[in-house]
Amino acid sequence: AGPLLAKLFRGIMRRVNTELSNYLKRCVEGNRHFNLAVGIKPGTLSNGLKYSLATGNWGDQKKAASSTAGVSQVLNRYTFASTLSHLRRTNTPIGRDGKLAKPRQLHNTHWGLVCPAETPEGQACGLVKNLSLMCYVSVGSPSEPLIEFMINRGMEVVEEYEPLRYPHATKIFVNGTWVGVHQDPKHLVGQV
């Protein structure tokens with residue numbers, strides 16, 4: 001959300017600067033006194049941010065055709081359960097009118113992460129998915145302390161691993177990256 005808001009803020013401030021420079025040119029050409037309070041409209045920034053957050057059309061209000069639609073949504077507050085469901089919803093950003101089946105199907109990597117049953121009917125079927133009940137999204141953290149912890153528990157680093165010497169070693173992945181192998185995975189899991 002930070003980069004999107006930064007881009008929106010940059011666009012609105014660019015428009016404020018353009019309006020201010022046009023006002024300054026008119027004052028110079030008309031031989032009038034320049035007043036900064038008149039040159040900067042007080043509601044331009046707040047109205048631009050409110051418009052984008054309320055409608056979900058991310059970009060300039062006057063250039064609605066070029067703005068990205070559906071970036072933000074109004075949170076559903078009918079019941080507590082509907083609020084939780086709305087917060088755990090994912091949206092595949094492709095057109096609803098397409099009849100392609102592949103984007104609507106669950107992928108093997110979704111196992112345990114995405115609910116296979118909860119999806120709306122109609123055009124959005126399979127494009128709007130919900131996180132499963134026990135799915136937990138963690139905050140990113142550095143992997144170095146965990147790798148050091150595993151090395152101290154007998155993990156062999158992948159750079160030093162010889163497949164011919166230990167053909168049945170279990171691979172260890174940290175944040176999706178293969179970092180090493182271990183000879184006794186049950187013992188390692190017990191220590192972790």
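Numbering of the sequence shown is given in full-length UniProt numbering, commencing with residue 1 and proceeding in unit increments. For glycine and all other residues, C-beta sits at the position ideal for the given N, C-alpha and C.
- Boundaries for G180: no alpha helix (DSSP H) harbours it, while the beta strand (DSSP E) harbouring it runs T177 to H182, taken from the DSSP string.
- Burial is judged here by how many other beta carbons sit within 10 angstroms of a residue's own beta carbon; H182 has at least 16 and is buried.
- Comparing alpha-carbon positions, the option among N108, T79, E118 and G112 lying closest to N91 turns out to be E118.
- By the criterion of a C-beta distance shorter than 6 Å, G180 is surrounded in its chain by M155, E156, V157, V158 and I172, once the five residues flanking it on both sides are discounted.
- Straight across, the Cα-Cα distance linking V139 with P185 is about 26 Å.
- Of all alpha-carbon atoms in F34, F149, Y161 and E162, the one lying nearest the alpha-carbon of V174 is that of F149.
- Taking 7 Å as the cut-off, the beta carbon of S72 is found closer than this to the beta carbon of G56.
- Here the C-alpha atom of I94 lies approximately 10 Å from the C-alpha atom of V128.
- In this structure, L106 places its C-beta atom within 7 Å of the C-beta atom of P116.
- Judged by DSSP in its simplified three-state form, E156 adopts strand.
- Across the set L131, T18 and L188, the C-alpha of L188 shows the shortest separation from the C-alpha of L146.
- With respect to the C-alpha of W178, the residue from G39, E160, S132 and N152 having the closest C-alpha is E160.
- The residue among F9, F34 and G11 with its C-alpha nearest the C-alpha of S21 is F34.
- Two segments are said to touch when three or more pairs of C-beta atoms, one from each, lie closer than 8 Å; by this definition the segment 40-54 touches the segment 2-10.
- Taking R14 as the centre and dropping the five residues before and after it, the same chain places no C-beta closer than 6 Å to its C-beta.
- Only exposed fits I151, as fewer than 16 other CB atoms lie within 10 angstroms of its CB.
- For secondary structure counted as the alpha helix (DSSP H) over 4 or more consecutive residues, the UniProt domain "RNA polymerase Rpb2" (73-137) holds these complete runs in sequence order: 80-87.
- In terms of Cβ geometry, L36 and R88 do not form a close pair [threshold 7 Å].
- The secondary-structure analysis by DSSP pairs T68 across a beta bridge with W58.
- In this structure, the straight-line span from the alpha carbon of E19 to that of V74 is close to 31 Å.
- Sequence-distant Cβ neighbours of W58 in its own chain, meaning closer than 7 Å and more than five residues away, are L4, L8, S52, S67, T68 and V71.
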